[in-house]
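So the sequence shown is numbered by the working numbering: it starts at 9 and just counts up by one.
We put the beta carbon where it would ideally sit given N, CA and C, even for glycine.
As structure tokens, the structure follows; a few thoughts come after it.
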Amino acid sequence: MTLLHYQPPTTPFLKTLYEDAQLLVVNKAPGILSVPGKRPEHKDSVYARVQRVHPEIRVVHRLDMATSGILLLAKTKAAQSHLNRQFQNRTTQKKYRARVWGQLPAWQGEIELPLSCDWPNRPRQHMDFSIGKPSTTFYRAITFDGRCSDVELTPHTGRSHQLRVHLQAIGCPILGDKFYAHSEAFSAAERLLLHAEYLAVTHPQTEQPIEFHSPVPF
Numbered sequence: 009m010t011l012l013h014y015q016p017p018t019t020p021f022l023k024t025l026y027e028d029a030q031l032l033v034v035n036k037a038p039g040i041l042s043v044p045g046k047r048p049e050h051k052d053s054v055y056a057r058v059q060r061v062h063p064e065i066r067v068v069h070r071l072d073m074a075t076s077g078i079l080l081l082a083k084t085k086a087a088q089s090h091l092n093r094q095f096q097n098r099t100t101q102k103k104y105r106a107r108v109w110g111q112l113p114a115w116q117g118e119i120e121l122p123l124s125c126d127w128p129n130r131p132r133q134h135m136d137f138s139i140g141k142p143s144t145t146f147y148r149a150i151t152f153d154g155r156c157s158d159v160e161l162t163p164h165t166g167r168s169h170q171l172r173v174h175l176q177a178i179g180c181p182i183l184g185d186k187f188y189a190h191s192e193a194f195s196a197a198e199r200l201l202l203h204a205e206y207l208a209v210t211h212p213q214t215e216q217p218i219e220f221h222s223p224v225p226f
């Protein structure tokens with residue numbers, strides 16, 4: 009993956025939503041990598057910034073560089089293992105908000121399409137009915153202004169670019185999406201209008217449910 013002119017935002021440098029002895033939850037800005045890229049100029053990332061203060065920090069999950077919102081990290085190996093199992097077993101609850109082109113086919117529904125990497129054009133993903141991995145997204149339309157829709161998205165699976173490809177597949181690409189939006193939808197926003205607004209997990213130490221919210225910035 010080549011990131012041309014990678015200039016991650018520095019204001020705010022890092023915004024913390026929640027912190028305790030086990031967890032750190034940050035509000036990721038659009039335009040910054042979740043973890044460092046392979047090239048030295050792509051080292052700046054949420055993980056690298058957190059690591060300056062918390063050298064012990066560990067990655068639990070990731071958001072696309074262009075996506076904003078809730079990013080969860082672990083402070084101990086035990087917490088990381090506990091949370092990783094939750095993501096793998098799909099016991100976490102995640103909700104995203106997006107603004108998309110056009111009107112959704114129904115006020116609520118399910119998109120179930122297999123996905124795989126489009127290797128000649130990576131990091132793009134595409135629908136693949138031969139070797140693609142099963143992928144499911146639930147959606148709920150919130151508003152439609154005659155041209156664009158606001159939608160709440162609940163991914164059942166967590167494939168790379170899943171929400172972006174699924175919405176493109178039903179004719180409603182996310183505004184500002186440089187990979188999957190047509191030119192009119194791409195130019196309709198200065199950034200990808202996709203935000204991780206809600207995450208609920210079981211706390212790795214207390215075993216109690218804990219939830220996090222991040223206001224939608226668009």
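- Annotation: residue 226 to residue 201 spans about 7 Å, alpha carbon to alpha carbon.
- The beta strand (DSSP E) runs of length 3 or more contained entirely in the segment 13-40 are, from start to end of the chain, 24-27, 31-36.
- Around the beta carbon of residue 38, 16 or more other beta carbons lie within 10 angstroms, which makes this residue buried.
- Note: residue 78 is bridge-paired with 35 in the DSSP secondary-structure output.
- Beta-bridge pairing by DSSP links residue 73 to no other residue.
- With contacts defined by Cβ atoms closer than 8 Å, residue 85 and residue 66 form a contacting pair.
- In this structure, DSSP gives residue 55 a helical state, which the three-state scheme calls helix.
- By the 16-neighbour rule on beta-carbons within 10 angstroms, residue 119 is buried.
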